Amino acid sequence: TSYAGLRHLQVLAFTSNYYSKHNGLQKTCLHSKRKPNKSCFLDYSGNACVHSTAPPGSILPWRFFSCKEGTKPPSKTKQNTSIMTSELLYENLLKSEQKNWNNISARYKPMTKRIKEKLEELHKKYTFSLGSPRMRFGENVYFEENGCIFLSKADDVGEGNADILFSTEDLGFSDAFIQRIRISPDQRYVAVSLKSQNSEEATCVIVKLDHFPAVEKVIPSVFSFEWATNDVLYYTSQKNLKCQNVFMTTLTNQKHTKLVYTEQDARFFVDIYCTKDRRFLTVNSNSKTTSEVWLVDCRDPFKSPALVQARTKGVLYHIEHRNDELYILTTYGEPAQYKLMKAPVSSSSMENWHLVYALEEKSKLVDLEMFSDHCVMFLKNAGHLYLKVISFVSHSVQSIKLPTWACEFELESHLEHTTSTCYFQLTSPVHPPKRFAYSFKENNLIEQAVQEVPITTNCHTTRLLAKSKDETLVPITVFHNTNSKELHRKPLLVHVYGAYGIDLKMSFKEEKLMLIEEGWILAYCHVRGGGELGLSWHKDGCQHNKLKGLHDLKACIMLLHKLGFSQPKYTALSAASAGGVLAGALCNSDPKLIRAMILQAPFVDVLNTMMKTHLPLTIEEQDEWGNPLADEKCMKYIKSYCPYQNIKAQCYPSVFITAYRNDQRVPLTGVLRYVQRLRRATLDYASSTSEKGNWIPHIILDVQANGSHCDSSWEDSLNE
């Protein structure tokens, strides 16, 4: 999920992630000249440098999970004894798992050595050759590489030489990566957020760009931030996985910081956005189903924010601005899909909203970019990508088809809304990003210059529809090597997520391309609960509809096998975070459909988690999973599919789980408990049966010392 234009559309996944606390930085002079290296480990969008993570408290594949039973905290005396005992058991269990992992991983050293060398080769060949996306600001171009912020003149970008303004090491954050960049309108200041991979929190550092750049201000625990004027910055603070306060800080002679907004409802998450024309900052307060937006006038940033429309249950909306009119992307009205509406700034309440454009049924709005005379919608339908270009001059709508292999957009920065060209990249799990440009003047799509290394992938893309239990057709995207024969004998890796209205992640990964080259089949099941077919697709797979996602996944795998894409004994299922719910549920209900399951930081105990309202995200998560404390039917329903609750003595597939010691969203204790129960079930089944050829599956847990919830550096992800 990223954040440019109105990139809070996944469904409400806003900008970046959290950052590491860092206090007491001295004012330091930072300046040198360096030739940038051609490497990039970050995803970029808008005028932000955004690592491939997303914020807590919104519609995400993450959350804070607890694994202790019960809902009432014990007395302090009992609690202290219990904590000491549980900590000792935890450490002993962790040591045991680490010893087990060391013994198991040693058997695979020759294989992992070969795979690692291949992945490094592919990374160098494709990813390094792409370079870093640029942020053009007048005649200046800013970009980030290897933790350094570079400045170059527009005409010199291709020369490979640039001035380095500063680096994370200069700032005293040698172990952090740059997550977000915001440049002040007069380019005197640059604000960056810095995050350690082992922390959920980030620090905002403001650097003054004089002849000798110097640190002007350091703000710990910041989530989002935007410049209102040349020397006034608005930002949201983050505490305990929540963002509910908005502050304004000034860098004038009389420096001061002021609280300007507080959100009282624990279900809502607050975020800051700057409209494309820099006319307003928007203070966005969102739950998973409802929005409220306040406007900060950048011409008068000290004035109190003005309300656009009071929150109305079930109505989501986001704001852009053009020519004294607000353009409102909203679910207001029928059907309950996103539509573009507009209203005068002076009378912005809902009764004055007028329709500009409504999406087609089952279309997913991935993103929207506003320009001075045009609006570009980035859309998806059953896996196919396309553009809708709205002209405010001719009042026309152009539909632009995109290459059939494309599965995901990677949008680029458009700092100047008056530009005549919209740039973006297209990618798929096995296709490195290709850069495209849409020209408003020429009304055509142009593929940009070919990369230094030609992209040659002998891969065929197939799109299928599986009929689920209730006759609903579920999209599947399949990749396989065009030279492969006897596909029923090839190994198959199935991917699933199906939660929070978020699409399966289908951006380029070196390991996916490697698998294709080695004869594997990759399948992506776009089950209900995800967002691939719009808001209704998500609604039809959450709360009391969660089992529909499980039925969808089963139907997809069965269709793949029926059509000759592998067979159960060669099939593995992969899922991360909340995707672990459906994967774990299938593992319990239909274990014979797969031979192996790979889980990364999995959510596997829905019931116990949703029973604990004292956890920071439980209340807002009720929109996704339901409220078992208030509804007995909901409790029984969650219990019917919860992976941890439904483990039983049967022949399971082998399971490999990666967990993170620093993961605040899926604490390691819960994963350990799931692994222990699963092992007991497999042993109980083996001891109670005397079938010939009976085997005990591997239940393997790899605990990573670094990284936090599916958020690892390139080096650590390579080791995984």
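Each residue of the sequence shown is one higher than the one before, counting from 1 in full-length UniProt numbering.
Where is the CB? At the ideal position from N, CA and C, for every residue including glycine.
This structure is a prediction, so every number in the text was calculated from the model and none was measured.
{"Query": "Please classify Trp-353 as buried or exposed, where buried requires at least 16 other C-beta atoms within 10 Å of its C-beta.", "Result": "buried"}
{"Query": "Decide if Lys-636 is buried, meaning its Cβ has at least 16 other Cβ atoms within 10 Å, or exposed.", "Result": "exposed"}
{"Query": "Helix, strand or coil, according to DSSP, for Met-370 in the structure here?", "Result": "strand"}
{"Query": "For Ala-437, which option in Gln-448, Gly-707, His-431 and Thr-427 has the closest C-alpha, if you only look at C-alpha atoms?", "Result": "Gln-448"}
{"Query": "Is it buried or exposed for Leu-89, if we count other Cβ within 10 angstroms and need 16 for buried?", "Result": "exposed"}
{"Query": "Applying the criterion that 16 or more other CB atoms from any shown protein chain within 10 Å of the CB defines a buried residue, is Leu-355 buried or exposed?", "Result": "exposed"}
{"Query": "Please name the residue in Cys-243, Lys-288 and Ser-105 whose C-alpha comes closest to that of Ala-499.", "Result": "Lys-288"}
{"Query": "What does DSSP give as the partner residue(s) for Glu-320 in the beta ladder?", "Result": "Tyr-327"}
{"Query": "Would Gln-357 and Val-397 be called neighbours here (beta carbons separated by less than 9 Å)?", "Result": "A quick correction: the sequence has Tyr, not Gln, at residue 357. Against a cut-off of 9 Å, the Cβ pair of Val-397 and Tyr-357 comes out as a contact."}
{"Query": "Could you name each continuous alpha helix (DSSP H) segment of 4 residues or more that falls completely within the segment 605 to 656, going from the start of the chain to the end?", "Result": "606 to 610, 618 to 625 and 632 to 641"}
{"Query": "Which partner residues does Lys-109 have in the DSSP bridge list?", "Result": "Per DSSP, none; premise fails for Lys-109."}
{"Query": "By a C-beta neighbour count over all protein chains shown, 10 Å radius and 16 as the cutoff for buried, is Tyr-108 buried or exposed?", "Result": "exposed"}
{"Query": "Less than 8 Å between C-beta atoms, sequence neighbours within five positions excluded: which residues of the same chain meet that for Asn-627?", "Result": "Met-610 and Cys-634"}
{"Query": "Which value, in whole angstroms, describes the spacing of the CA atoms of Met-377 and Ile-502?", "Result": "18 Å"}
{"Query": "If you run the structure through DSSP and keep just helix, strand and coil, what is Arg-34?", "Result": "Here the model assigns Arg-34 a pLDDT of 39, short of 50, so the residue's position is not dependable and the matter cannot be decided."}
{"Query": "Beta-carbon within less than 6 Å of Glu-292's beta-carbon, same chain only, minus the 5 sequence neighbours each way: which residues are those?", "Result": "Ser-285 and Arg-311"}
{"Query": "For a test of the three-state rule: what should DSSP assign to Val-207, helix, strand or coil?", "Result": "strand"}
{"Query": "So, under 8 Å CB-CB, Asp-163 and Ser-196 are touching, yes? Tell me the CB distance rounded to an integer number of Å.", "Result": "Actually they are not in contact, since the Cβ atoms of Asp-163 and Ser-196 sit about 27 Å apart, beyond 8 Å."}
{"Query": "So, for Ala-705: in the same chain, excluding its five sequence neighbours on each side, which residues have a beta-carbon less than 7 Å away from its beta-carbon?", "Result": "Arg-661"}
{"Query": "Buried or exposed, going by whether 16 or more other CB atoms sit within 10 Å of the CB of Met-111?", "Result": "exposed"}
{"Query": "Alpha carbon to alpha carbon, how far is Gln-425 from Asn-719? Give it in angstroms, no decimals.", "Result": "28 Å"}
{"Query": "Can you tell which of Leu-593, Ser-577 and Leu-465 has its C-alpha closest to the C-alpha of Val-606?", "Result": "Ser-577"}
{"Query": "Hey, quick one: how far does the alpha helix (DSSP H) through Val-581 stretch, first residue to last?", "Result": "579 to 589"}
{"Query": "Measure the alpha-carbon distance for Arg-673 versus Val-345 and round it to whole angstroms.", "Result": "54 Å"}
{"Query": "Note down the Cα distance separating Leu-515 from Ala-406, rounded to an integer number of angstroms.", "Result": "19 Å"}
{"Query": "Tell me which residues share the same chain as Thr-682 and place their Cβ nearer than 6 Å to its Cβ, disregarding the 5 neighbours each side in the sequence.", "Result": "Tyr-652, Ile-696 and Pro-697"}
{"Query": "Would you check if the distance between the CB atom of residue 747 and the CB atom of Val-527 is smaller than 9 Å?", "Result": "Nothing about residue 747 can be reported from this structure: the residues present for the chain run from 1 to 720 only."}
{"Query": "Closest by CA to Arg-239, which one among Asn-230, Phe-269 and Val-260?", "Result": "It should be noted that the sequence gives Lys, not Arg, for residue 239. If we check each option's Cα against that of Lys-239, Phe-269 comes out closest."}
{"Query": "List the endpoints of the continuous alpha helix (DSSP H) containing Cys-556.", "Result": "546 to 562"}
{"Query": "Once DSSP output is grouped into helix, strand and coil, what is the label at Arg-299?", "Result": "coil"}
{"Query": "When you compare only the Cα positions, how much space is there between Lys-153 and Asn-198?", "Result": "35 Å"}
{"Query": "According to DSSP, is Asp-163 helix, strand or coil?", "Result": "strand"}
{"Query": "Look at the alpha carbon of Ile-521 and the alpha carbon of His-561, and state the distance between them as a whole number of angstroms.", "Result": "12 Å"}
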